[in-house]
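Participant: If you want the working numbering, it's the position in the sequence shown, counting the first as 1, plus 202.
I have a structure I would like to understand better, so I am pasting it below and will then ask my questions one at a time.
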Amino acid sequence: MRLIVSVLALGVVLAATAGPARADGDRTPAPQRTKDPAYTQAVQAIEAGQFKTAIPLLESVVARDDRNADAYNWLGYAVRKDGDPARAIPIYQKALALDPKHRGAHEYIGEAYLMVNDLASAKQHLARLDALCFFSCEEYRDLKKAIESFERKSGAR
203 MRLIVSVLAL GVVLAATAGP ARADGDRTPA PQRTKDPAYT QAVQAIEAGQ FKTAIPLLES
263 VVARDDRNAD AYNWLGYAVR KDGDPARAIP IYQKALALDP KHRGAHEYIG EAYLMVNDLA
323 SAKQHLARLD ALCFFSCEEY RDLKKAIESF ERKSGAR
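So this is what it looks like as structure tokens:
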């Protein structure tokens with residue numbers, strides 16, 4: 203019984219730490235706690251859907267701190283949401299090189315791969331999320347849903 207209560211409590215904690223929901227159903231990555239004002243401004247711009255504003259701010263953040271996987275993930279997110287998924291992919295790859303377990307980066311790079319019609323690569327990131335998530339996590343479920351939608355629309359499997 204204690205195990206069940208502990209698992210349920212963990213689920214509540216994990217759900218509370220997920221990124222905020224956007225009107226378009228996508229979640230932005232959870233912000234890293236940082237004192238960099240450009241980072242804070244970029245997060246606010248992304249949350250407001252102002253991706254063009256966020257991109258140069260995040261580029262300045264990663265220029266100063268090239269070890270910040272969260273900043274790279276945010277940058278990839280802003281670039282992808284601004285309409286350039288091909289440019290976002292290497293940015294997500296940098297985030298994953300810094301933090302191979304970054305669940306948000308795995309989800310979002312998978313979505314970017316779908317946008318450039320690379321289903322196989324998206325499925326690789328889904329498999330990685332499956333391995334990373336102790337129980338099914340939101341990032342896994344969201345990417346799986348995106349892949350299923352892609353397959354229905356394209357007739358691919």
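In this text, a Cβ means the ideal position worked out from N, Cα and C, and glycines have one as well.
Model, not experiment: these values are computed from the prediction.
In whole angstroms, give me the CA-to-CA distance for Leu321 and Thr242.
Facilitator: 34 Å
Participant: So what does DSSP say about Pro302, is it helix, strand or coil?
Facilitator: coil
Participant: Relative to the C-alpha of Ala324, which residue among Lys237, Ala290, Leu345 is closest?
Facilitator: Minimum Cα distance to Ala324 is reached at Leu345.
Participant: Could you tell me if Phe253 is buried or exposed, where buried requires 16 or more neighbouring beta carbons within 10 angstroms of its beta carbon?
Facilitator: buried
Participant: Have a look at Ala290, Ala297, Ser338 and flag the residue whose alpha-carbon is nearest the alpha-carbon of Val318.
Facilitator: Ala290
Participant: Is it right to say Pro231 is buried, meaning 16 or more other beta carbons lie within 10 angstroms of its own, or is it exposed?
Facilitator: Legend: pLDDT at Pro231 = 49, less than 50; position of this residue unreliable, no value from coordinates given.
Participant: Identify the continuous alpha helix (DSSP H) that holds Gln246 and give its terminal residues.
Facilitator: Membership of Gln246 in the alpha helix (DSSP H) is indicated by the continuous run 239-249.
Participant: Got a sec, what are the start and stop residues for the alpha helix (DSSP H) Val281 sits in?
Facilitator: 271-283
Participant: Leaving out five residues on either side along the sequence, give the residues of the same chain with a beta carbon under 7 Å from the beta carbon of Val264.
Facilitator: Asn270, Ala273, Tyr274, Leu277
Participant: What's the gap between the Cα of Asp226 and the Cα of Ala280?
Facilitator: Low confidence applies to Asp226: its pLDDT is 39, below 50, so where it sits in the model is not reliable enough to give any reading.
Participant: Whose CA, out of Gly285, Ala256, Leu328, lies closest to the CA of Ala247?
Facilitator: Ala256
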